[in-house]
Each structure stands twice: as structure tokens, then as C-alpha cells.
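Position one of the sequence shown corresponds to residue 112 (the working numbering), numbered consecutively onward.
Built from N, CA and C at the ideal position, the CB exists for glycine as well.
Please read these numbers as outputs of a predicted model, since none were measured by experiment.
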Amino acid sequence: MKKRELEAMRKQEAQVLEVRLNELRDNLMKVQIDMSIGQEKNLAKARNIRRDIAQIKTLIAEGQKKTIIRDK
């Protein structure tokens, strides 16, 4: 994910991020299946998707922390 995209996602709500996270998880599953049967040759594709998933999870966690701090 590019830096620009990451900054734009930082401003989005948690529900939008959850939808994107589910899409990436589905995409990762498809890529892994394609890799196992030999259709996908780009092995870095799965690694990049896993990295994007981790970044979105981090953004969701940051948003939850901000919400908790605001509620106090």
C-alpha cells in the first residue's frame, strides 16, 4: 500500500476499514489457492496482501485507542 493510500485510509471510519480488510482476506485466500495449484507465479503477491492486512489492522487498533481516550 502506498503512503498516500495509507494516509487516506487513516481518515476513514472503522466500518469502511473492516470491509476493506474482509476483501483483502478473501483476495489472500484466492491467491494462496492459485499459488498452490500453480496458476499464480508472483509469490510476492501474497506477502504484499498480508502486509496490507496488517496495516489495516493497525489503523483499526489506532482508531479504537483514540476512541477510548476521547471517552475518558
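Tell me whether LEU170 is buried or exposed, calling it buried when 16 or more other Cβ atoms sit within 10 Å of its Cβ.
It is buried - the Cβ of LEU170 has at least 16 other Cβ atoms within 10 Å.
Only counting the same chain, and skipping five residues up and downstream in sequence, which positions put a Cβ closer than 7 Å to that of ALA157?
Around ALA157: LEU139, VAL142, GLN143 and MET146.
Please classify ILE180: is it buried, with 16 or more other beta-carbons within 10 angstroms of its beta-carbon, or exposed?
So ILE180 counts as exposed.
DSSP three-state label for LYS114, please.
Helix.
Just verifying my parser: in three-state terms, what is the DSSP assignment at GLN166?
Correct three-state label for GLN166: helix.
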